[in-house]
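So the sequence shown is numbered by my numbering: it starts at 1 and just counts up by one.
All residues carry an ideal CB built from backbone N, CA and C; glycine is no exception.
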Amino acid sequence: MPGDTITVKDNRSGKTAELPLLDGTAGAATVDIGPLAAQLGYLSLDPGFVSTASCKSAITYIDGDAGILLHRGYPIEQLAEHSTFPEVAYLLMHGELPTSHQLYSFNADIQRHWMIHEALRSFFSGFHYDAHPMAMMVGVVGSLSAFYHSELNIALEDHRRKSAVQLLAKMPTIAAACYRHSVGMPFVYPRTDLNYCENFLNMMFSIPGQPYYVDPVFVRALNLLFILHADHEQNASTSTVRVASSTGANPYACIAAGIAALWGPAHGGANEAVLAMLAEIGDIKRIPEYLDRAKDKNDPFRLMGFGHRVYKNFDPRATLIRKACHQVLEKLAHPDPLFELALALEEIALKDDYFIERKLYPNVDFYSGIIYRALSIPTNMFTVMFAIARTAGWVSHWLEMKADPAQKIARPRQLYVGSPPRDYVPLKQR
Ligand code: ACO
């Protein structure tokens, strides 16, 4: 209820502070800790933001215990079944599902911007052929402001919206260029007669001089993966985008910062790490050995694709991807042994007390790599695929925070545990 508070008593001074309780439209009430500093002179400590809301947001809602994920109020299951990735991107950015006219012009807008500047193409020749595609993505996306600076007045809403569309449109083109560079193939220009996912697959895999057949089952699978990765409220990379943009940095620099944060194996890099782990396990017989390693506190090995900071029941995206895996793999001439291994690993881990007690379930990335493999996407491109999809969320959060008059520069404080003040000791006396 508005006006509700929590009273905090300081046992050192005997003073009290009234902390307002804030209710969202769903989820736990949030304590406004501002008065802690103002009335008692204290800071709060929460490493990893385990119980800290960093902002107010109306984009995505997660109930981790119930396994619920909503974008602008719509359940992920319904979006996955009925929608397309551009439509979900529109929803995230604008707050409402588009009319057919709005969706048509949004798609046309994306298509108008999905070419990249010819000079940008030459950037790629500076990268060694075996450069990690995420390294190329960070560099090339970060450089976009050097090419598209005429609409970079972030104080203007229409400039902000144009930059957001530029990013959504150019990410697949840049991603495909990273791949083509790594295999020494000529870059393929985007085609406006294809939809978002078809165009991406064509830029990745078409061979000059040959018609390329885009398999509709693969297009549907890619569309699903992009929808499921589109946004996930204040995750590490989105928070990075928000922190970078709180300084007034340009959107291309902010999204490049998000890509860098996504790269880590505890976040977007997990899909690549899952495949590496499955390949290392190699055989169903070796699963117990790896489960023992995952449980051993002296071994840094973790079961990749398992566990989530927010989901403590199941990840609804993992359920949808697992189903799609079966559909895509049925199209393959030969079964994928890594999928069989992943199913067995999941089954054994879910019966194991260690995983049950800690509520560790497969997350979205446990199965996404298997589908990407079936689509012939190489393992080192998996996190790039995630970045293409998450751009929809990143730009939506960027748009939301830029429109918020209460937005401040992100400047956390700290609990200092270093040396007390002391005098400089001249070099000869040390
Ligand atoms: N394998 C084995 N043990 C695990 C795993 C795992 N994958 N994940 C968590 N644990 C254990 C921890 O060792 C800890 O055990 P303890 O209580 O005995 O010390 C307990 O479960 C809680 O783990 P935390 O690390 O505190 O959980 P946190 O919420 O900080 O971490 C994270 C979540 C980073 C996702 C973690 O589960 C993990 O590293 N998973 C593997 C990497 C992964 O799949 N990342 C993708 C996340 S989804 C995404 O970004 C799209």
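Assignment of residue 162 by DSSP, reduced to helix, strand and coil, places it in the helix class. Counting C-beta atoms within 10 angstroms of its own C-beta, residue 364 has 16 or more neighbours from the protein chains shown and is therefore classed as buried. When C-alpha distances from residue 189 are compared across 173, 62, 81, 349, the shortest belongs to 173. In this structure, the CA atom of residue 424 is about 23 Å from the CA atom of residue 415. Straight-line spacing of the CA atoms in residue 349 and residue 304 works out to 12 Å. Note that the segment 308 to 319 does not touch the segment 251 to 259; fewer than 3 beta-carbon pairs, one per stretch, sit closer than 8 Å. Of the other Cβ atoms in all chains shown, 16 or more fall within 10 Å of the Cβ of residue 89; this residue is therefore buried. In the DSSP assignment, residue 367 falls within the unbroken alpha helix (DSSP H) covering 364 to 374. Across the structure, residue 110 and residue 236 are spaced so that their CA atoms are roughly 26 Å apart.
In terms of Cα proximity to residue 371, the closest of 331, 246, 25 is 331. For residue 402, the enclosing alpha helix (DSSP H) stretches over residues 382 to 402. Residue 165 holds the alpha-carbon nearest to the alpha-carbon of residue 103 among 159, 124, 140, 165. A residue is called buried when at least 16 other Cβ atoms come within 10 angstroms of its Cβ; residue 54 does not meet this threshold and is exposed.
In the three-state DSSP reduction, residue 427 falls in the helix class (H, G or I).
Straight-line measurement puts the Cα of residue 238 at about 22 Å from the Cα of residue 380. Where residue 256 is concerned, there is no enclosing beta strand (DSSP E), although the alpha helix (DSSP H) around it starts and stops at 251 to 262. Segment contact: the segment 288 to 296 against the segment 344 to 359, three or more CB-CB distances shorter than 8 Å; contact assigned. Distance from the Cα of residue 377 is smallest, within the candidate group 9, 183, 340, 86, for 183. Residue 307 is classed as buried because its beta carbon has at least 16 other beta carbons within 10 Å across all chains shown. Proximity of the beta carbon of residue 49 to the ligand ACO is not indicated: no heavy atom of the ligand is located closer than 7 Å.
About 11 Å separates the Cβ atoms of residue 17 and residue 31, ruling out a contact at the 8 Å cut-off. As for any alpha helix (DSSP H) of minimum length 4 sitting wholly inside the segment 100 to 148, the runs are 100 to 113, 118 to 123, 133 to 142, ordered along the chain. The Cβ-Cβ distance between residue 368 and residue 251 does not fall below 8 Å.
In this structure the segment 407 to 422 does not lie against the segment 268 to 288, because fewer than three pairs of beta carbons, one per stretch, are closer than 8 Å. At a threshold of 7 Å, residue 385 does not count as near the ligand ACO, since its beta carbon sits no closer than that to any of the ligand's heavy atoms.
Residue 349 sits in a helix when the DSSP states are folded into three classes. Shown here, residue 187 sits in coil according to DSSP, grouped into three states, outside any helix or strand. A distance criterion of 7 Å places the beta-carbon of residue 241 beyond contact range of the ligand ACO, judged by its closest non-hydrogen atom. Just so you know, the alpha carbons of residue 344 and residue 12 end up roughly 55 Å apart. A Cβ-Cβ separation of about 11 Å leaves residue 176 out of contact with residue 136 under the 8 Å criterion.
Only exposed fits residue 286, as fewer than 16 other CB atoms lie within 10 angstroms of its CB.
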